[in-house]
Amino acid sequence: MRRLLLTTLLLGSTALAACDGGLDGKDDPLPSDQAAAPAKAAAPSGGEMQRVAFTPADVDQATFSAEAAASSERTAAVLRAQVLLDRARFRPGVIDGVMGENVRQAVAAFEAANGLAVDGQLDQAVFDKLTERDNRPVLIEHTLTAEDVAGPFVESIPSDLEGQAGLKALSYTSVEEKLGERFHMTPELLRALNPDAKFAAGETIRVADVGVGELPDVAKIEVDKSEVAVKAFDASGKLLAFYPATIGSDTLPTPDGAMKIKGVAPNPNYTYDPKKLNSGKADRLLTIQPGPNNPVGAVWIDLTKDTYGIHGTPEPHLIGKRSSSGCVRLTNWDARELADAVKPGVPVVFVS
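Taking the working numbering, the leading residue of the sequence shown gets 28, the next gets one more, and so forth.
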């Protein structure tokens, strides 16, 4: 590991504070199509998903299209832009090939950093700048190893804390979910790009090429509540990474002011304490075991304000689309990357 991990007291793999990591705030309104959170079940493998309407070559050669930027469907141009934004560390959230709010935020941050007019629109100027910086193919072939497809997997993740507390581990529910997180993709896109795949060892599949190496040392973190994003800076003030985030609501707000990083806990468990968090999710102390589908995801970055942290999530597709109970959520891959580039004492500033 590059960083010294703080593993004393409540950190490490045995306990965490009471941030309501993977669930919505008690009174937070939800869009009508997200009003209920069903149990997270393993996705079936194979070719049941519709094939994408383009080939990998179409994606790698995609040019700007106003129709694609305005479409609510998966397109080659948006998929290429998402991968290029991801590799430039202006993260668009989970890669799905569809234009959305997280993509617009990433585009706006990319525009600001590259001297373009800031409007958050995926236009010709943005596309040209992205491909000028990085013209490598965005999809690559990957031959699955035994480790890639190894479990253990769980059949489903209960939506309630009581049910989750009864599991021995909050593991992935399928090979596709595990691979999706590794390559920053939705399992649906992974299956659509590989409709005939069985996702077995020895098979060669198409995935997003998101390999960018380690994040340089982070000297300051800014949680921008108006942009609903986390920004990482080096010691000179240069922006190193822009991450879409989920933050608190008016009812259960993310705090203001300045804190510091206290430590990092990889693969944490999660302790729900109703005395510290009145979200109404349970009426007794519960401990939920580690795993990527744990309410705080794959890693916890502990802050100096009790019960607050920056952490992962079991539902990367909902980053920026729901509110938390005050903590800051990132996708598991963004949280891991950030955690590996910080150390205790790094300032975390919350701005509105």
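Heads up, the beta-carbon is just placed ideally off N, CA and C, and yes, glycines get one too.
Between residue 362 and residue 329, the gap from beta carbon to beta carbon reaches 8 angstroms or more.
Under the criterion of beta carbons closer than 8 angstroms, residue 81 and residue 103 qualify as touching, at roughly 4 angstroms.
Here the alpha carbon of residue 216 sits roughly 8 angstroms from the alpha carbon of residue 124.
DSSP links residue 222 through a beta bridge to no other residue. From the listed residues 171, 169, 141, the smallest Cα separation to residue 160 is found for 141.
Annotation note: the region 219-263 contains the following uninterrupted beta strand (DSSP E) runs of length 3 or greater, listed N- to C-terminal: 231-235, 247-251, 256-260. Assignment of residue 275 by DSSP, reduced to helix, strand and coil, places it in the strand class. The region 364-377 and the region 222-229 do not touch, with fewer than 3 CB-CB distances between them shorter than 8 angstroms.
About 5 angstroms separates the beta carbon of residue 166 from that of residue 233, a gap short enough to meet the 8 angstroms contact definition. Annotation for residue 134: no beta strand (DSSP E) segment contains it, though the alpha helix (DSSP H) segment containing it runs 128-140.
Between the region 313-323 and the region 188-199 there are three or more C-beta pairs closer than 8 angstroms, enough to call the two in contact. For residue 376, the enclosing beta strand (DSSP E) stretches over residues 374-378. Under the 10 Å beta carbon count, residue 302 is surrounded by fewer than 16 other beta carbons and is classified as exposed. Annotation for residue 346: 120, 121, 129, 271, 272, 273, 340, 356, 357, 358 place their beta carbon closer than 8 angstroms to its own, counting only its chain and skipping 5 residues before and after. Here DSSP, grouped into helix, strand and coil, assigns residue 287 to strand.
Going by DSSP, residue 336 is part of the beta strand (DSSP E) stretching over 336-338. The three-state reading of DSSP puts residue 325 in coil, since its state is none of H, G, I, E or B.
Taking 8 angstroms as the cut-off, the beta carbon of residue 148 is found closer than this to the beta carbon of residue 134. Here the alpha carbons of residue 185 and residue 137 stand approximately 38 angstroms from one another.
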